[in-house]
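Enquirer: Residue numbers (this note's numbering): 1 to 808.
For glycine and all other residues, C-beta sits at the position ideal for the given N, C-alpha and C.
None of the values given here were measured: they were computed from a predicted structure.
Got a structure here, written out as structure tokens. Questions coming.
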């Protein structure tokens with residue numbers, strides 16, 4: 001702000017002493033002539049003789065302002081305003097000092113006071129525009145810019161601030177015209193080049209943006225913001241190492257601003273060099289201990305290291321400095337979500353006035369459905385507009401088309417829509433090398449499902465690698481994975497580009513992504529092309545929307561033929577269920593009594609161990625009608641968090657069901673969790689996000705599952721599993737059929753006994769629990785993929801033939 005329009009008086013202030021007046025006139029002349037230090041010395045001499053000489057206080061404040069001593073400028077100009085309350089120029093210059101001290105609201109108040117004294121004062125009007133931009137009041141800024149134009153006041157700074165406002169209002173084409181107009185009249189205007197570069201980034205014209213950033217730097221070599229702009233263009237081109245080197249060199253070549261150091265820290269976070277990022281934040285704080293943005297960036301780095309409590313401490317410090325800093329509130333909410341402090345996260349998101357597509361997924365974690373009921377019809381459109389992660393919307397919307405559109409919009413946000421072009425050499429004869437990419441190589445549902453497959457691959461024909469993406473957790477499950485594969489690679493500290501390069505150096509033929517858009521997923525590394533064939537599997541039950549994911553492993557139930565058009569990947573149809581299982585899972589020998597589980601001994605026990613966010617009001621309505629129709633029955637639910645349990649109890653009461661008919665199960669070790677299924681009578685599934693691992697857990701433990709099949713992949717998984725265990729009669733097609741079947745089974749327990757008998761037999765007969773058969777089928781799929789690729793054929797729908805076991 002100091003470079004905008006400091007007001008310079010044309011005549012000296014009056015004084016009682018002729019010598020003081022003469023000295024003041026001389027100081028002003030020196031000041032106008034550029035002899036700033038000599039002028040400052042004279043102002044100080046005057047003040048020693050007359051401490052309340054208003055003109056000297058004012059002009060010393062202007063000197064401090066121009067030398068970036070903003071705190072001193074604020075102090076001097078505040079005193080000058082006390083002595084000269086009717087001087088509009090003093091108000092203007094104090095406003096500039098306040099703005100540079102981060103006190104934008106107070107600065108705007110000062111400017112408005114100046115305009116009250118002199119409504120036509122150009123310096124006040126132009127600086128008000130700049131302050132409105134600084135305060136992010138872009139609509140008001142545009143109004144001021146139009147008023148200045150109507151008054152015939154024109155200056156490059158007006159066009160630049162108008163352009164910045166337009167850019168922030170997502171009107172980049174109009175913004176570009178503002179900056180271009182400045183450059184037509186002033187080709188060497190560094191600030192115009194820099195802001196045009198920012199606008200070109202918004203227009204995805206990255207090479208042109210770098211060109212204008214370079215021009216800004218050629219005009220003004222020590223221009224930290226232009227360095228940051230160029231770095232952002234490089235980042236958008238996925239040239240992270242080049243961006244980091246640029247920022248590093250700039251911070252070592254000339255005294256870095258805190259903003260430059262924080263841009264460097266953000267780049268290091270993107271490079272997953274979190275500790276290095278923290279070091280840059282500490283440098284920024286050394287120069288500016290009250291920098292709220294620095295604490296926010298530092299908190300992000302700490303959160304990425306899994307240090308969420310420390311991260312929250314940083315975010316709280318940032319908010320104590322700047323309570324309106326939404327970035328800190330958003331980041332704090334993210335850490336609170338990781339710590340399952342959902343009510344606190346919701347409060348922070350509401351304080352940011354966030355859109356429903358951000359807030360609703362967190363509200364669903366605690367079964368707070370009020371906003372969902374109001375917003376469900378418009379939710380998909382809001383998610384697409386705001387480029388949200390599609391994963392939460394699988395549980396809220398049963399629309400494969402909407403899931404695709406949200407995924408594609410989110411890829412734009414991730415800057416991962418387009419794949420890098422990689423020229424893979426022709427595959428050498430020998431084993432097919434498969435890489436499984438996951439962040440869950442620890443005690444996690446995905447790893448438990450995958451374990452037998454990793455162990456069972458035919459090592460004569462396949463070489464198996466595991467790539468670990470996320471925070472490293474060391475337990476027995478991880479150790480088992482390490483022992484089961486031919487190569488285990490921790491790539492959590494590598495960039496997407498580096499991780500993909502490692503995969504290519506290992507000559508991986510097929511890269512299998514087990515994460516998609518779920519937590520710690522990194523689709524960006526597949527955009528860098530890890531392998532000539534890339535496959536989406538298991539972790540994310542939907543389309544990634546990414547053209548560089550060639551296949552999705554599925555079956556004809558989860559992706560019916562008429563739904564293929566909503567997948568950018570080509571389906572690989574397994575002969576039975578798509579879901580891999582581990583037939584070696586141990587069920588504890590512990591015999592649970594209903595009493596110790598909090599269940600009534602003689603009641604019919606419906607259960608659902610799905611995560612609470614999968615429970616929608618429509619499903620809960622059905623459950624309550626079922627309880628109403630089956631006297632004395634209870635519903636046994638998984639308790640993910642206290643707030644969800646409390647809200648579900650309240651929702652039951654609202655529907656006329658006593659809250660004590662809901663019983664909540666806490667977490668148990670996996671083998672004991674499987675064992676306690678024996679205390680339930682019937683598992684009730686959710687829609688549109690079915691039970692997936694929880695359904696196969698129930699079936700493995702001998703508990704029948706009742707499902708309502710929907711339209712999307714996630715809504716048809718339980719149907720796939722039930723078909724594989726020969727229990728397709730438990731697949732319903734309407735809500736009424738779902739409820740009627742549950743009530744019928746509760747009243748005809750002999751039917752449930754028959755289903756349990758089938759399940760007992762299916763443990764040894766069903767393809768769902770036949771690890772050897774699944775391994776053979778998926779290896780057949782991999783061979784078919786490789787054969788197509790080696791023949792130069794594009795990916796196409798693959799139908800894996802069933803295995804007869806003959807000769808195999």
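1) Using a 10 Å radius around the Cβ and a threshold of 16 neighbouring Cβ atoms, would you call residue 420 buried or exposed?
2) Under a Cβ-count criterion, where at least 16 other Cβ atoms within 10 Å of its own Cβ denotes burial, should residue 693 be classed as buried or exposed?
3) Suppose the cutoff is 7 Å on Cβ atoms and the five residues either side in sequence are ignored; what does the same chain contact list for residue 399 look like?
4) Is residue 470 buried or exposed, if buried means 16 or more other CB atoms sit within 10 Å of its CB?
5) Would you give the residue range spanned by the beta strand (DSSP E) that residue 438 belongs to?
6) Is the region 538-557 touching the region 468-487 in the sense that three or more CB pairs, one from each, lie closer than 8 Å?
7) Over what stretch of residues does the alpha helix (DSSP H) that includes residue 159 continue unbroken?
8) Where does residue 592 fall in DSSP's three states?
9) Is there contact here, the region 735-743 with the region 569-586, by at least three beta-carbon pairs under 8 Å?
10) Alpha carbon to alpha carbon, how far is residue 214 from residue 402? Give it in angstroms, no decimals.
11) Report the three-state DSSP secondary structure of residue 366 (helix, strand or coil).
12) For residue 666 and residue 592, what's the separation of their Cα atoms in angstroms?
13) DSSP on residue 319, reduced to helix/strand/coil?
14) Do residue 684 and residue 635 have their beta-carbon atoms positioned less than 9 Å apart in this structure?
15) Can you tell which of 408, 96, 90 has its C-alpha closest to the C-alpha of residue 118?
16) Excluding the 5 residues flanking residue 84 on each side, which residues of the same chain have their C-beta closer than 6 Å to its C-beta?
17) Measuring alpha carbon to alpha carbon, tell me which of 72, 111, 212 ends up nearest residue 86.
18) At what residues does the beta strand (DSSP E) containing residue 403 begin and finish?
19) For residue 688, is the classification buried or exposed, using 16 other Cβ atoms within 10 angstroms of its Cβ as the cut-off for buried?
20) Going along the chain, which residues of its own chain have a beta-carbon closer than 8 Å to the beta-carbon of residue 516, five neighbours each way excluded?
21) Output the boundary residues of the alpha helix (DSSP H) element that contains residue 346.
22) Can you name, in chain order, every residue of its own chain whose Cβ lies under 7 Å from the Cβ of residue 548, other than the five neighbours on each side?
23) Straight-line CA distance for residue 332 to residue 225?
24) Looking at the strands, I want to know which residues DSSP matches up with residue 490.
25) Quick check: what's the CA-CA separation for residue 673 versus residue 691?
26) Secondary structure at residue 700, three-state DSSP: helix, strand or coil?
27) Tell me the DSSP secondary structure of residue 571 in three-state form.
28) Is it right to say residue 748 is buried, meaning 16 or more other beta carbons lie within 10 angstroms of its own, or is it exposed?
29) Which two residues bound the contiguous beta strand (DSSP E) that contains residue 513?
30) Taking buried to mean at least 16 other C-beta atoms within 10 Å of its own C-beta, is residue 610 buried or exposed?
31) May I ask you to report which of helix, strand or coil DSSP gives residue 267?
32) Just checking, does the region 165-177 make contact with the region 193-208 on the three C-beta pairs under 8 Å criterion?
33) Check this for me: beta carbons of residue 216 and residue 191, under 9 Å apart or not?
34) Identify the residues that DSSP records as bridge partners of residue 732: which are they?
35) Below 8 Å CB to CB, which residues in the same chain sit around residue 14 once its five sequence neighbours on both sides are set aside?
36) Just to confirm the assignment, what range does the beta strand (DSSP E) spanning residue 682 have?
Expert: On the basis of the data shown:
1) Against the chain shown, residue 420 aligns to sequence position 420. Here residue 420 is exposed. Its C-beta has fewer than 16 other C-beta atoms within 10 Å.
2) Here the question's residue 693 lines up with position 693 in the chain shown. Buried.
3) For the purposes of this step, residue 399 is identified with residue 399 of the chain shown, where counting begins at 1. 380, 711, 712.
4) As a position in the chain shown, residue 470 is number 470, starting the count at 1. So residue 470 ends up on the buried side.
5) For this step, residue 438 is matched to residue 438 along the chain shown. 432-438 is the span of the beta strand (DSSP E), which, as asked, contains residue 438.
6) Judged by pairs of C-beta atoms under 8 Å, the region 468-487 does not touch the region 538-557, as fewer than three such pairs exist.
7) Locating residue 159 in the chain shown gives position 159, counting from the first residue. Its alpha helix (DSSP H) spans residues 156-168.
8) If you number the chain shown from 1, residue 592 lands on position 592. Here DSSP, grouped into helix, strand and coil, assigns residue 592 to coil.
9) no
10) The residue given as residue 402 occupies position 402 in the chain shown. The residue given as residue 214 occupies position 214 in the chain shown. If you take the alpha carbons of residue 402 and residue 214, they lie about 41 Å apart.
11) Against the chain shown, residue 366 aligns to sequence position 366. Coil, per DSSP.
12) Taking the first residue of the chain shown as 1, we reach residue 666 at position 666. Taking the first residue of the chain shown as 1, we reach residue 592 at position 592. If you take the alpha carbons of residue 666 and residue 592, they lie about 14 Å apart.
13) As a working note, residue 319 is residue 319 in the chain shown. Residue 319: helix per DSSP, three-state reduction.
14) Working through the chain shown from its first residue, we reach residue 635 at position 635. Working through the chain shown from its first residue, we reach residue 684 at position 684. In this structure, residue 684 lies closer than 9 Å to residue 635 by Cβ.
15) Reading the chain shown from its first residue, position 118 is the one you call residue 118. The option with the nearest alpha carbon to residue 118 is 90.
16) As a position in the chain shown, residue 84 is number 84, starting the count at 1. Closer than 6 Å at Cβ, skipping near neighbours: 54, 90.
17) Taking the first residue of the chain shown as position 1, residue 86 is located at position 86. When each option's Cα is compared against that of residue 86, the closest is 111.
18) Numbered from 1 along the chain shown, position 403 holds the residue referred to as residue 403. Per DSSP, residue 403 belongs to no beta strand (DSSP E); it is in the alpha helix (DSSP H), 400-414.
19) Locating residue 688 in the chain shown gives position 688, counting from the first residue. Buried: at least 16 other Cβ atoms inside 10 Å.
20) On the chain shown, residue 516 is found 516 positions in, with the first residue counted as 1. Apart from sequence neighbours up to five positions away, the residues of its chain that approach residue 516 with a beta-carbon distance below 8 Å are 391, 523, 536, 539, 540, 542, 544, ordered along the chain.
21) Counted from its first residue, the chain shown places residue 346 at position 346. Run containing residue 346: 342-351, per the alpha helix (DSSP H) assignment.
22) In the chain shown, counting from the first residue as 1, residue 548 sits at position 548. Answer for residue 548: 419, 526, 527, 529, 534, listed in chain order.
23) Numbered from its first residue, the chain shown carries residue 332 at position 332. Numbered from its first residue, the chain shown carries residue 225 at position 225. Taking the straight line joining both Cα atoms gives about 27 Å.
24) Here residue 490 refers to the residue found at position 490 when the chain shown is read from its first residue. Paired residues: 468.
25) For the purposes of this step, residue 673 is taken as residue 673 along the chain shown, with counting starting at 1. For the purposes of this step, residue 691 is taken as residue 691 along the chain shown, with counting starting at 1. Cα to Cα, the separation comes out at about 15 Å.
26) For the purposes of this step, residue 700 is taken as the residue at position 700 of the chain shown. Correct three-state label for residue 700: helix.
27) Sequence index remark: in the chain shown, residue 571 carries index 571 (1-based). Secondary structure at residue 571: strand, using DSSP grouped into helix, strand and coil.
28) The count along the chain shown starts at 1 and reaches residue 748 at position 748. Flag for residue 748 reads exposed.
29) Here residue 513 refers to the residue found at position 513 when the chain shown is read from its first residue. Counting along the chain, the beta strand (DSSP E) containing residue 513 begins and ends at 510-513.
30) As a working mapping, residue 610 is identified with position 610 in the chain shown. The residue is buried, with at least 16 neighbouring Cβ atoms inside 10 Å.
31) Locating residue 267 in the chain shown gives position 267, where the first residue counts as 1. The answer is helix: DSSP assigns residue 267 an H, G or I state.
32) yes
33) Here residue 216 refers to the residue found at position 216 when the chain shown is read from its first residue. Here residue 191 refers to the residue found at position 191 when the chain shown is read from its first residue. Their beta carbons are under 9 Å apart, which means residue 216 touches residue 191 by this criterion.
34) In the chain shown, residue 732 corresponds to position 732, counting from 1. The partner list for residue 732 (beta bridge, DSSP) reads 708.
35) Here residue 14 corresponds to residue number 14 of the chain shown, with the count starting at 1. Residue placement at residue 14 cannot be trusted, given a pLDDT of 45 that sits under 50; the coordinates are not used to answer.
36) What you label residue 682 is simply residue 682 of the chain shown in a count that begins at 1. Per DSSP, residue 682 belongs to the beta strand (DSSP E) from 682-684.
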